[in-house]
Amino acid sequence: MTGVLLGALALVAGSAALGIVVNHLSPRRIPLLPTSTETEAGEAPALALPPGLEGVGLAEAKRAFEDQSALFLDARSPDEYEEAHLAGALNLPAYEFDDYFFDLMDPIEEASRIIVYCHGGECSDSIAVAERLVEFGFPEVYVFEGGWRSWLKSEGATEEEGAP
Amino acid sequence: MTRVRSIVGHPAVGAVCRLVVGGIFIFTGYPKLLRPDDVARLVYGYRILHVDMVNLVGITMPWLELVAGLFLVIGIIPRSSALVIAGMLGMFIGAGSLALMRGLEIECGCFFPFMGDSKLGWDLVVRDAILVLLMLQVLIWPSTFLPARRRAAVR
Chain S
1 MTGVLLGALA LVAGSAALGI VVNHLSPRRI PLLPTSTETE AGEAPALALP
51 PGLEGVGLAE AKRAFEDQSA LFLDARSPDE YEEAHLAGAL NLPAYEFDDY
101 FFDLMDPIEE ASRIIVYCHG GECSDSIAVA ERLVEFGFPE VYVFEGGWRS
151 WLKSEGATEE EGAP
Chain C
1 MTRVRSIVGH PAVGAVCRLV VGGIFIFTGY PKLLRPDDVA RLVYGYRILH
51 VDMVNLVGIT MPWLELVAGL FLVIGIIPRS SALVIAGMLG MFIGAGSLAL
101 MRGLEIECGC FFPFMGDSKL GWDLVVRDAI LVLLMLQVLI WPSTFLPARR
151 RAAVR
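Just so you know, the protein sequences line up as chains S and C, in that order.
Per this note's numbering, the first sequence runs over residues 1 to 164.
Per this note's numbering, the second sequence runs over residues 1 to 155.
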């Protein structure tokens with residue numbers, strides 16, 4: 001049995017090493033530890049964005065909010081959205097995308113630019129929603145990598161469900 | 001009882017178990033190899049691992065699936081490979097069950113989106129449990145079918 005265990009350990013170690021080496025050489029490599037593409041201090045680390053998706057940092061998100069040059073979409077759950085969300089953002093939950101998308105078609109089609117966010121940099125819901133929107137042909141879709149947490153931390157404007 | 005044991009423990013049954021499970025792991029591991037970012041996101045969707053861990057899993061797990069599957073089929077340290085695969089299946093069962101009990105509606109991540117991946121459900125947890133039983137067969141009754149080296153087959 002010891003031989004079986006040792007073989008299993010060697011298999012795990014060898015495969016992991018192989019994966020790490022191939023990833024290092026791959027054009028699609030990702031960091032071993034997620035690192036943020038944000039430059040603002042204190043923001044959460046972000047998952048690597050897939051090719052074709054671009055991220056925006058807190059400063060860019062704030063600019064877009066102040067200029068009203070982008071539609072903000074909240075990819076978190078409806079409960080979390082109702083509790084509080086970025087002022088003016090619409091809720092398009094990642095796990096109920098199909099149920100919500102068609103009700104939001106008009107504002108999404110009218111938007112010149114769309115910024116999607118979820119909890120924080122490590123959250124993948126905003127990426128999932130952004131990918132679906134890109135698949136549907138919306139060209140200007142961005143992921144707010146700092147997300148809700150960095151928005152709150154920077155004391156950005158928020159509102160609760162039903163608030164103006 | 002002895003008759004049942006002799007049937008379940010027959011080398012041909014062991015060979016079928018190895019080919020089926022090894023084949024599934026090769027089939028599922030291969031397309032994930034060059035998409036570590038997508039695998040990391042799928043893993044993160046289970047909301048179990050800390051974010052610092054998901055990239056490492058996305059980078060290494062597909063290779064472990066592929067290598068263990070290949071070794072199991074070819075017959076290189078088949079019992080060790082069966083142990084590794086049973087361990088992975090155990091993790092999939094645990095992670096999937098937790099996600100389902102918490103009401104998460106997520107992609108399984110088993111066969112990857114572009115290969116027609118399906119939503120995580122109890123049927124997939126049961127499928128993994130059946131695959132664990134097949135691996136137990138290999139662990140208990142090592143088969144010498146297709147051994148890369150007969151000596152290694154019993155390891």
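Glycine included, each C-beta is placed from N, C-alpha and C at the ideal position.
Query: May I ask you to report which of helix, strand or coil DSSP gives E105 of chain C?; Result: coil
Query: With 16 other CB atoms within 10 Å as the buried threshold, where does L25 of chain S fall?; Result: exposed
Query: Determine the DSSP secondary structure at A13 of chain S, reduced to helix, strand or coil.; Result: helix
Query: What are the partner residues of H85 of chain S, as DSSP defines its beta bridges?; Result: S:E159
Query: Less than 8 angstroms between the beta carbons of L33 of chain S and N55 of chain C, yes or no?; Result: yes
Query: Considering Cα atoms alone, identify which of S:V143, S:R63, S:G137, S:R29 is closest to G55 of chain S.; Result: S:V143
Query: Comparing the CB of I93 of chain C with every heavy atom of the ligand SAH, is any distance shorter than 7 angstroms?; Result: Annotation note on the ligand SAH: not contained in the displayed structure, which lists no ligands.
Query: Which residues in the same chain have their Cβ closer than 6 angstroms to the Cβ of V129 of chain S, if we skip the five residues on either side of it in sequence?; Result: A75, L92, A94, V116
Query: With 8 angstroms as the C-beta to C-beta threshold (strictly closer), list the residues of the region 40 to 59 of chain C near chain S in chain order.; Result: A40, R41, Y44, G45, V51, D52, V54, N55, L56, G58, I59
Query: Does I78 of chain C pass the burial test, meaning 16 or more other C-beta atoms within 10 Å, or should it be called exposed?; Result: One point to set straight first is that residue 78 of chain C is Pro, not Ile, in the sequence displayed. P78 of chain C is buried by the Cβ-count criterion.
Query: Assuming G14 of chain C contacts Q137 of chain C under a Cβ cut-off of 8 angstroms, what Cβ separation, rounded to an integer in Å, is found between them?; Result: 6 angstroms
Query: I'd like to know if the region 143 to 159 of chain S and the region 22 to 35 of chain C are in contact, where contact means that at least 3 CB-CB pairs between them fall below 8 angstroms.; Result: no
Query: By the three-class DSSP mapping on this structure, what secondary structure does G55 of chain S have?; Result: strand
Query: Which of the three DSSP states is assigned to F72 of chain S in this structure?; Result: strand
Query: Identify the contact partners of R79 of chain C in chain B, using a Cβ-Cβ distance below 8 angstroms as the criterion.; Result: In summary, chain B is missing from the structure at hand, where the protein chains are S and C.
Query: Evaluate V21 of chain S with the Cβ neighbour count: other Cβ atoms within 10 Å of its Cβ, from every protein chain shown; 16 or more gives buried, anything less gives exposed.; Result: exposed
Query: Leaving out the 5 sequence neighbours to the left and right, which residues in its chain are closer than 8 angstroms to V57 of chain C when beta-carbon positions are compared?; Result: V39, A40, V43, L49
Query: So V12 of chain S contacts chain C; which residues on that side make the cut at Cβ distance below 8 angstroms?; Result: L64, V84
Query: Taking the straight line between their C-alpha atoms, what separation do you get for V84 of chain C and C123 of chain S?; Result: 30 angstroms
Query: Grab the span of the beta strand (DSSP E) containing I59 of chain C for me, first residue to last.; Result: Unbroken run through I59 of chain C is the alpha helix (DSSP H), 51 to 74; no beta strand (DSSP E).
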